[in-house]
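K.L.:
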Amino acid sequence: MSPITTSTLETTSSLLNTPTTPLTSNSSSSTLEKKKTLGKRLWVVGGGNKRQKTRLFLLDGGGSCQKKYSAEDAAIQRIWRPNSIAIGDNNFNSNKYEKRKRRKKLLVHIENSTKEIINEKEKEEKVQKEEEKEEEEEEDLLWLRNQKIPKKYIKNFKISENNNYNIKRPINEFTPIKAINEKINKEEELNEIINSVERIDEINNKKYLFENDNNNQQQQYSSYEEEEEIKPVEIPFEPLLPNLSVTEIPIWKRPPPGEENNYLNPPPPPPPPPPPPPPPPPLPPLPQSSLPIKFYLQANVKSTSNNISLSLNNNENKILKRKRREAPILVTALIDIGRGNWLRFTRHFDQYLDYLTNILFRIQNNIIIYCDNSVYEYLKNNNQIKWERIQIIIISLSELPFYKYKKEIEEIMLWEHLNWQKEWDEQMKTHPETLYPDYDILVNSKPYFLYNATQINQFNKPLNGKEQIFVWIDAGYGHGSKSVIPLGLWLPNKINNKQITLIKLPTNGEKIERYTIDKVYRKHRSIVSGGFIVGGENVIRRFWIFFMKTFLELLDKRFVDDDQTTLLITIQHYNSTFNLLKGNWFDVINIFIIKNKRMA
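Under my numbering, read the sequence shown as residues 12 to 611, first letter to last.
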C-alpha cells in the first residue's frame, strides 16, 4: 500500500508556513484522536507514482472531510508543496521493509499450520491403528470363546481386566502352552476321546484297566508346542467267526467235487519263455563339432578287397615338413545351404566341391575344414588327397553362434521388402544377403571359424616359439582359377601377426571412414573383401569379439547384411586392430611374396 502523509495545519491560512508530517495507514486510533484536537489537517494520499494519483483531503477538527484537492489544484492554490512527497518516498521504502516482514510472518505461519495439520493426521492415524488393534483383539476373544478348549488349558490364557486379549493367536490350533509342573493323566484324555465316539453304548460296557506305572506318573511334558498324535481307540471284541484250524480250508475256497486231488497236486508251471536275443550294439555316434576329428589318411591310399591299406610315404621330403610347420594354417568352411535352388546367384553344391578340391590339390599348407557330412563323405572317397595335412570338423548350420538370431533376421528381411526405402538400390532386392537368412549367418561366421581353429588346432606349432599364423580362405576362392591359387607351399615373406590383414577394394582415393552404414547398406557397393583374412593367433581372439559386438549392435538397429558390411563397420570402430592393403578381389595371395613355389 502506498504511503499516506499529512501536514498539520491549524487554519487554512497557515498551511503555507507549516511543514507536512508523515502518517501511515497503519497508525493507531489513539494517534488519530490526538491529531484531531490540533485543528485542520491536510491528508495526502498516494506517492505521486504512475499507478496511484496523489490526492489531498482537507479535514476539520472533527476529522470530517471539508474539501478534496488534486495535486495540481493544491499546488496552484499553494495549499500543498510538491516537495513534501519526498517524505512519502521514505515511507514508501519503509513499507517495503514492512512487506518483507509480513511475508516472513506469513511463511512462518504457513509452516506452523502445516506442521499442525501433519501432527493432527499422525494423531488420527495412531487412533485408527489403536482402534483396529482393539477390534482385532475383540475378534480374537470371540473366536477363542467359540472354540471348544479343554478345561485344563483355559487357565493358561490370560485375559486383562478390560477383557482385551493381550496374547497372540496360537499358531497351531489347540496347541497347549508350556506348563512346567503340570501332570496330565492318560485316563482323562482317553475318556474324553471315548465320549466322542459314535459307539458309546458298546464301548461303555467294556472295562478298561489302565496301569499307573511310576514312569508314566513322573513323565512331564517338556514342550507343549506340538500336539500329541491322537490314535484311534482299539475296541476289544471277540471275533464273530469261530476259530478255524490252519489246515482246514474255507468253503468258498474249496475246489468243486472230483477235483480235490488236482487241487492238492497242481500241474507244474509251464517253462519260462526263452530270453529275447540281445539288442544289436548301438552305432557309433557321429563326430560333433566340440570334438574335432583329425584324419591321418596318408598319401598313396589303395583299396584291395574292401580293405583300406594305409602306407606311409617314407620318401616325403623332410624339408617340406619343416617348411609346412612354419607356414600359415589355412581355415575354410563349406556347408550346403541350398544355393542350387535359388532363383538368382545360383551355384550348385558340386561346383563348390570342385573349388574346394582345387584348393586342396594346389596349396600344400596345413588346412582346417569345417563342413557337413556330405562334404566329408565326398572328400573321404578321394584317394589323391594327402590327409596328414588336413583336419576336418563336422558341423551343421544350427551349431553356429549366430543361428539363434535366425527368426529376428527373417522378420527384418520381410519388413524391408514390404517397406523398401527410396534411397536403397532396387537391384539389391534379389541379392542373397536380402533374401536368405542362412546365407548371412554363414558368411558372418568367418571370424568364428578362425577363432575356433586357434582353439582346436592339432598341427605342430612353429619352431623357436614363433606365433602361429591363421588365414581364412573362402571355399570358392578364385572360382577354380589356377592363376589365382599358387601351386605348392604358400609361405609369405612378411605378415603382420599383431593385426588383421584385409584387402581394401578400390574407392577412388576416399578414406574408409567416409563410408558410413547409410552409404553402404542396401547399396550395390563393396569396400572390403571378406574372402581372405590373415592374422596371428592372439589378435584373432580380439577380432572375433569386436566382430560379434558389431554384428549384434547392427542387429539391434535392424540392419542385416553380409560379412563385408559388418567388417567395414568393425574396421571403423576398431581401426588399430586392422591392416588394410589395396587390391582387388583375388589379389591377396599374389600380394605376398611366395617362396619355394614348387617344393612338393
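For each residue, glycine too, the CB sits at the ideal point set by N, CA and C.
Between the Cα of residue 470 and the Cα atoms of 587, 566, 336, which residue gives the shortest distance?
P.N.:
Cα-wise, what sits closest to residue 470 is 336.
K.L.:
DSSP three-state label for residue 253, please.
P.N.:
The predicted model places residue 253 with a pLDDT of 47, which falls under 50 and marks its position as unreliable; any figure quoted below should be read in that light. Residue 253 falls in the coil class under three-state DSSP.
K.L.:
Measure the C-alpha to C-alpha separation of residue 374 and residue 514 and round it to an integer number of angstroms.
P.N.:
Rounded to whole angstroms, residue 374 to residue 514 spans 20 Å at the Cα level.
K.L.:
One question on the structure: do residue 589 and residue 538 come within less than 8 Å of each other, judged by their Cβ atoms?
P.N.:
Going by C-beta atoms, residue 589 is not nearer than 8 Å to residue 538.
K.L.:
Find the nearest neighbour of residue 440 within the set 475, 354, 452, judged by alpha-carbon distance.
P.N.:
Out of 475, 354, 452, 354 has the C-alpha closest to the C-alpha of residue 440.
K.L.:
Within 10 Å of its beta-carbon, does residue 541 have 16 or more other beta-carbons around it, so buried, or fewer, so exposed?
P.N.:
Under this definition residue 541 is a buried residue.
K.L.:
Measuring CA to CA, which of 580, 467, 443, 485 is closest to residue 424?
P.N.:
With distances taken between Cα atoms, residue 424 lies closest to 443.
K.L.:
Taking the continuous beta strand (DSSP E) assigned at residue 590, which residues delimit it?
P.N.:
It spans 589–593 - the beta strand (DSSP E) in which residue 590 sits, taken as one unbroken run.
K.L.:
So, do the segment 474–481 and the segment 338–346 have three or more beta carbon pairs nearer to each other than 8 Å?
P.N.:
Touching, per the Cβ criterion.
K.L.:
Using beta-carbon positions only, say whether residue 378 and residue 396 come within less than 8 Å of one another.
P.N.:
For residue 378 and residue 396, no; Cβs fall outside 8 Å.
K.L.:
What separation, rounded to the nearest whole angstrom, lies between the Cα atoms of residue 577 and residue 331?
P.N.:
Rounded to whole angstroms, residue 577 to residue 331 spans 38 Å at the Cα level.
K.L.:
What residue range does the beta strand (DSSP E) around residue 404 cover?
P.N.:
Element bounds for residue 404: 401–405.
K.L.:
Select from 393, 381, 399 the residue whose C-alpha is nearest the C-alpha of residue 407.
P.N.:
If we check each option's Cα against that of residue 407, 381 comes out closest.
K.L.:
Please state the DSSP three-state secondary structure of residue 612.
P.N.:
Residue 612 is absent from the model: the chain starts at 12 and stops at 611.
K.L.:
Can you say whether residue 121 is buried or exposed, counting buried as having 16 or more other CB atoms within 10 angstroms of its CB?
P.N.:
Result: exposed.
K.L.:
Let me make sure I understand the geometry here. Which of 543, 399, 132 has the alpha-carbon closest to that of residue 595?
P.N.:
It is 543.
K.L.:
Would you say residue 574 and residue 454 are within 8 Å of each other, going by their C-beta atoms?
P.N.:
In contact: residue 574 and residue 454 (Cβ atoms closer than 8 Å).
K.L.:
Relative to the C-alpha of residue 426, which residue among 388, 593, 569 is closest?
P.N.:
Considering only alpha carbons, the answer is 569.
K.L.:
Between residue 535 and the rest of its own chain, which residues show a CB-CB distance below 7 Å, the 5 nearest in sequence each way excluded?
P.N.:
The residues are 436, 438, 439.
K.L.:
Could you name the residues that DSSP lists as bridge partners for residue 496?
P.N.:
Paired residue(s): none; residue 496 is not in a bridge.
K.L.:
Could you check if residue 567 is buried or exposed, using at least 16 other CB atoms within 10 Å of its CB as the buried criterion?
P.N.:
Flag for residue 567 reads exposed.
K.L.:
Looking at residue 500 and residue 456, is the spacing between their C-beta atoms short of 8 Å?
P.N.:
Going by C-beta atoms, residue 456 is not nearer than 8 Å to residue 500.
K.L.:
Where residue 561 and residue 419 are concerned, what is the direct C-alpha to C-alpha distance, given to the nearest angstrom?
P.N.:
So the alpha carbons of these two residues sit roughly 16 Å apart.
K.L.:
Taking the alpha carbon of residue 477 as the reference point, which residue from 486, 507, 448, 495 has its own alpha carbon closest?
P.N.:
The shortest C-alpha separation from residue 477 is found at 507.
K.L.:
Check whether the Cβ atoms of residue 565 and residue 580 sit closer than 8 Å, and answer yes or no.
P.N.:
A contact, by the Cβ cut-off of 8 Å.
K.L.:
Since residue 346 sits in a beta bridge, which residues does DSSP pair it with?
P.N.:
Answer is none; residue 346 lacks a bridge partner.
K.L.:
What residue range does the alpha helix (DSSP H) around residue 381 cover?
P.N.:
That residue, residue 381, is in no alpha helix (DSSP H); its beta strand (DSSP E) goes 378–382.
K.L.:
Exposed or buried, which one is residue 533 when buried takes at least 16 other CB atoms within 10 Å?
P.N.:
It is buried - the Cβ of residue 533 has at least 16 other Cβ atoms within 10 Å.
K.L.:
Does the beta-carbon of residue 554 have 16 or more other beta-carbons within 10 angstroms, so that it is buried, or is it exposed?
P.N.:
So residue 554 ends up on the buried side.
K.L.:
Please check the pair residue 521 and residue 583, which I expect to be a contact at CB under 8 Å, by giving their CB distance rounded to whole angstroms.
P.N.:
Not confirmed; about 13 Å, so no contact.
K.L.:
Residues in its own chain within less than 8 Å of residue 490 by CB, not counting five upstream and five downstream?
P.N.:
So the qualifying residues of the chain are 366.
K.L.:
In angstroms with no decimal places, state the Cα-to-Cα distance between residue 127 and residue 138.
P.N.:
The straight-line gap from Cα to Cα measures roughly 16 Å.
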